[in-house]
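Undergrad: Got a structure for you, written out below as structure tokens; questions coming shortly.
Residue numbers (the working numbering): 498 to 1027.
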């Protein structure tokens, strides 16, 4: 069987267009797990578990009739099951029927509450003066914000604040700083590492109502917006004006742009447009003491002093609360092609360019080479927007599928491409029957592996077999313990596997400088001793 990793060196792969890659070895699991609910798992999806069925309805890849031809008509047509279903929209409040109550984080993990103040009736009255009507204390409403969408960690906050402006955020933080009240910034609550929910009783500061587009330059493509804007809505907004967001995630229907920036989210367009460290032009951030740091520039070039915005991109709300973002949006491609291939892994390749005929020809030439060399054995190509979205929806729903299979241990790793899948095979042998499934998928183009292990319920013994083994294995490959999802609560203690002591010390000094009382998102990102 030809190694799928040779894809990276096949002549013509880049196509001059900028490709997006996704790869998954255990794709069949998506359908076994009942990922998409009863309305999306009829026979059309089940027969995808045998790849030949994908091509059974039309000319196959082996007939060399690639461009614009759908090989999955009943799946991708207007009457197909997948096209009729909405794109996945993650929400922490969508609890599966009969799901058990999530154990409190403080009961499941060895963590001690720091000496912060407890919210009093006087504090609630003060918040109500700052945010008339924006203070939530209803336990039923708070429940959704206390639990992560994976239902693996749970806090016990009694207060949810919903500001609308940066000045309201500033007044809240100024008050909390004076009273030594811990604050948990929260966007769409779609994080993977427990960084967006309280560990104890921290005040939840939600950006939900901070959802206004401030400006958009239709010539440069510069978008300025508040932090609570939902990524999918921003995507729709800029696409109507001839541009695209440089970021695309499976959670785009729920995640907030401020949270994306705070976690330095990677996503499906990383290979094409780079990281948020490059596409974010400026930020407005409120510091722990209520100081508003206005670095909301729209300039492409600004070489004056330290680039302060970079401190907050990926800081996960521990250094300041992002309230507004200036981001560079690239022009919308005029031609997009998606190829869904077997090699023997399932690989999704997207190309984007400016001339449909030229782009399709180059993709067809590449696929001809890949097929004749034996690197690819079968596949399908789509150019229609409905079919493109349907194929990408299969990729985007894998995480949701896994969440229906029981408790999920998630690892988001960067590894050398040639070793990308070895850890999955290694763990299957190591864990045996302890795990229901060991699943690996991710981004071939940037070496990002999403490793998932499922079990019936949380198991301390299984966790002990996974950690620190997974992190030690990654460190031996000189990889990263977090490729795109951050550290949050779950990975705060493993930063040393990817960063030297000198780097950790500097991070701790920066935290102490910007948040001397440690009130911003405590118990997250940095090791406990910080």
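For every residue, glycine included, the Cβ atom is placed at its ideal position computed from N, Cα and C.
Can you tell which of 1008, 1014, 1013 has its C-alpha closest to the C-alpha of residue 1024?
TA: As a working mapping, residue 1024 is identified with position 527 in the chain shown. Closest by alpha carbon: 1008.
Undergrad: Which word fits residue 465, buried or exposed, when buried means at least 16 other C-beta atoms lie within 10 angstroms of its C-beta?
TA: The structure shown does not extend to residue 465, since the chain is modelled only from 498 through 1027, so no value can be given for it.
Undergrad: When you compare only the Cα positions, how much space is there between residue 847 and residue 885?
TA: Counted from its first residue, the chain shown places residue 847 at position 350. Counted from its first residue, the chain shown places residue 885 at position 388. Taking the straight line joining both Cα atoms gives about 9 Å.
Undergrad: Should residue 843 go down as buried or exposed, given a rule of 16 or more other Cβ atoms within 10 Å for buried?
TA: The residue you call residue 843 lines up with position 346 of the chain shown. Buried is the call here.
Undergrad: Quick one: measure Cβ to Cβ for residue 845 and residue 888, integer angstroms, because I've assumed they're closer than 8 Å.
TA: For this step, residue 845 is matched to residue 348 along the chain shown. For this step, residue 888 is matched to residue 391 along the chain shown. Under the criterion of beta carbons closer than 8 Å, residue 845 and residue 888 qualify as touching, at roughly 6 Å.
Undergrad: My understanding is that residue 987 touches residue 691, with C-beta atoms under 8 Å, so please give their C-beta distance in whole angstroms.
TA: The count along the chain shown starts at 1 and reaches residue 987 at position 490. The count along the chain shown starts at 1 and reaches residue 691 at position 194. Contact flag correct, Cβ pair sits at about 5 Å.
Undergrad: Taking 8 Å as the cut-off, decide whether the C-beta atoms of residue 633 and residue 657 are in contact.
TA: Reading the chain shown from its first residue, position 136 is the one you call residue 633. Reading the chain shown from its first residue, position 160 is the one you call residue 657. Yes.
Undergrad: Measuring straight from C-alpha to C-alpha, what distance separates residue 689 and residue 948?
TA: Looking up residue 689 in the chain shown gives position 192. Looking up residue 948 in the chain shown gives position 451. Distance between the alpha carbons of residue 689 and residue 948 is about 12 Å.
Undergrad: Taking all protein chains shown into account, do 16 or more other C-beta atoms lie within 10 angstroms of the C-beta of residue 615, making it buried, or fewer, making it exposed?
TA: What you label residue 615 is simply residue 118 of the chain shown in a count that begins at 1. By the neighbour-count rule (16 or more Cβ atoms within 10 Å), residue 615 is not buried but exposed.
Undergrad: I'd like the span of the alpha helix (DSSP H) that includes residue 1008, first residue to last.
TA: Position 511 of the chain shown, counted from the start, is the residue given in the question as residue 1008. Where residue 1008 is concerned, the enclosing alpha helix (DSSP H) starts and stops at 998 to 1011.
Undergrad: Take the Cβ of residue 882 as the centre, count every other Cβ of all protein chains shown within 10 Å, and call the residue buried at 16 or more, exposed below.
TA: In the chain shown, counting from the first residue as 1, residue 882 sits at position 385. Burial call: exposed.
Undergrad: For residue 651, does the count of other Cβ atoms within 10 angstroms reach 16, so buried, or fall short, so exposed?
TA: Counting from 1 along the chain shown, the entry for residue 651 is found at position 154. So residue 651 ends up on the buried side.
Undergrad: Rounded to whole angstroms, what is the Cα-Cα separation between residue 919 and residue 837?
TA: For the purposes of this step, residue 919 is identified with residue 422 of the chain shown, where counting begins at 1. For the purposes of this step, residue 837 is identified with residue 340 of the chain shown, where counting begins at 1. Rounded to whole angstroms, residue 919 to residue 837 spans 23 Å at the Cα level.
Undergrad: For residue 921, which three-state DSSP category applies?
TA: Numbered from its first residue, the chain shown carries residue 921 at position 424. Secondary structure at residue 921: helix, using DSSP grouped into helix, strand and coil.
Undergrad: Mind checking which residues open and close the beta strand (DSSP E) that includes residue 782?
TA: The residue labelled residue 782 in the question sits at position 285 within the chain shown. For residue 782, the uninterrupted beta strand (DSSP E) segment begins and ends at 777 to 783.
Undergrad: Name the residue from 653, 631, 629 whose alpha carbon lies nearest to the alpha carbon of residue 640.
TA: If you number the chain shown from 1, residue 640 lands on position 143. For the residues 653, 631, 629, the minimum Cα distance to residue 640 belongs to 653.
Undergrad: Just list the residues that DSSP pairs residue 836 with in beta bridges.
TA: Here residue 836 refers to the residue found at position 339 of the chain shown. DSSP lists 846, 878 as partners of residue 836.
Undergrad: Closest to residue 841 by CA distance: which of 1004, 834, 876, 763 is it?
TA: Sequence index remark: in the chain shown, residue 841 carries index 344 (1-based). Looking at the Cα atoms, 876 is the closest of the given residues.
Undergrad: Which parts of the region 662 to 750 are runs of the alpha helix (DSSP H), unbroken and 4 residues or longer, counting only runs that do not cross its ends?
TA: At a cut-off of 4 residues, the continuous stretches assigned as alpha helix (DSSP H) that sit fully inside the region 662 to 750 are 663 to 676, 728 to 736.
Undergrad: Is the Cβ-Cβ distance between residue 826 and residue 720 less than 8 Å?
TA: The residue labelled residue 826 in the question sits at position 329 within the chain shown. The residue labelled residue 720 in the question sits at position 223 within the chain shown. Cβ atoms of residue 826 and residue 720: closer than 8 Å.
Undergrad: Leaving out the 5 sequence neighbours to the left and right, which residues in its chain are closer than 6 Å to residue 924 when beta-carbon positions are compared?
TA: Position 427 of the chain shown, counted from the first residue, corresponds to residue 924. Here the set comprises 935.
Undergrad: Kindly indicate the opening and closing residues of the beta strand (DSSP E) around residue 952.
TA: Within the chain shown, residue 952 is the residue found at index 455, counting from 1. Counting along the chain, the beta strand (DSSP E) containing residue 952 begins and ends at 945 to 952.
Undergrad: Using only alpha-carbon positions, find the residue among 873, 746, 874 that is nearest to residue 890.
TA: Here residue 890 is taken as the residue at index 393 of the chain shown, counted from 1. Taking only the C-alpha atoms, the option nearest residue 890 is 746.
Undergrad: From the DSSP output, read off the bridge partner residues of residue 651.
TA: As a first step, residue 651 is located in the chain shown; it is residue number 154 there, counting from the start. Its beta-bridge partners are 644.
Undergrad: Within 7 Å: the Cβ of residue 682 and any heavy atom of the ligand SAH?
TA: Annotation note on the ligand SAH: not contained in the displayed structure, which lists no ligands.
Undergrad: Checking 8 Å against the spacing of the C-beta atoms, do residue 985 and residue 1022 come in under that value?
TA: For the purposes of this step, residue 985 is identified with residue 488 of the chain shown, where counting begins at 1. For the purposes of this step, residue 1022 is identified with residue 525 of the chain shown, where counting begins at 1. A Cβ-Cβ contact shorter than 8 Å links residue 985 with residue 1022.
Undergrad: Taking a contact to mean a Cβ-Cβ separation below 8 Å, would you say residue 701 touches residue 723 in this structure?
TA: Within the chain shown, numbered from 1, the residue matching residue 701 stands at position 204. Within the chain shown, numbered from 1, the residue matching residue 723 stands at position 226. Result no, Cβ atoms of residue 701 and residue 723 do not sit closer than 8 Å.
Undergrad: Ends of the beta strand (DSSP E) at residue 934?
TA: What you label residue 934 is simply residue 437 of the chain shown in a count that begins at 1. It spans 934 to 940 - the beta strand (DSSP E) in which residue 934 sits, taken as one unbroken run.
Undergrad: Quick check on DSSP: helix, strand or coil for residue 980?
TA: Residue numbering aside, residue 980 sits at position 483 when the chain shown is read from its first letter. Three-state result, residue 980: coil.
Undergrad: If contact is defined by three or more beta carbon pairs under 8 Å, each pair taking one atom from either stretch, is the region 814 to 831 in contact with the region 779 to 789?
TA: yes
Undergrad: What does the Cβ neighbour count give for residue 619, buried or exposed, with the cut at 16 atoms within 10 Å?
TA: The count along the chain shown starts at 1 and reaches residue 619 at position 122. Looking at its Cβ environment, which holds fewer than 16 other Cβ atoms inside 10 Å, residue 619 is exposed.
Undergrad: In terms of alpha-carbon separation, which member of 785, 786, 755 lies closest to residue 773?
TA: Here residue 773 refers to the residue found at position 276 of the chain shown. Measuring from the Cα of residue 773, the nearest candidate turns out to be 755.
Undergrad: Can you tell me where the alpha helix (DSSP H) holding residue 758 begins and where it ends?
TA: Taking the chain shown and counting its residues from 1, the one referred to as residue 758 is at position 261. Counting along the chain, the alpha helix (DSSP H) containing residue 758 begins and ends at 754 to 759.
Undergrad: Tell me the rounded alpha-carbon separation between residue 961 and residue 626.
TA: Taking the chain shown and counting its residues from 1, the one referred to as residue 961 is at position 464. Taking the chain shown and counting its residues from 1, the one referred to as residue 626 is at position 129. Rounded to whole angstroms, the gap between the alpha carbons of residue 961 and residue 626 is 48 Å.
Undergrad: Expressed to the nearest angstrom, what Euclidean distance is found between the alpha-carbon atoms of residue 769 and residue 939?
TA: Looking up residue 769 in the chain shown gives position 272. Looking up residue 939 in the chain shown gives position 442. Cα to Cα, residue 769 sits roughly 15 Å from residue 939.
Undergrad: Can you list, in chain order, the residues of its chain with a C-beta nearer than 8 Å to that of residue 852? Leave out the 5 residues immediately preceding and following it.
TA: Counting from 1 along the chain shown, the entry for residue 852 is found at position 355. Counting only Cβ-Cβ distances below 8 Å, and skipping sequence neighbours, we find 831, 832.
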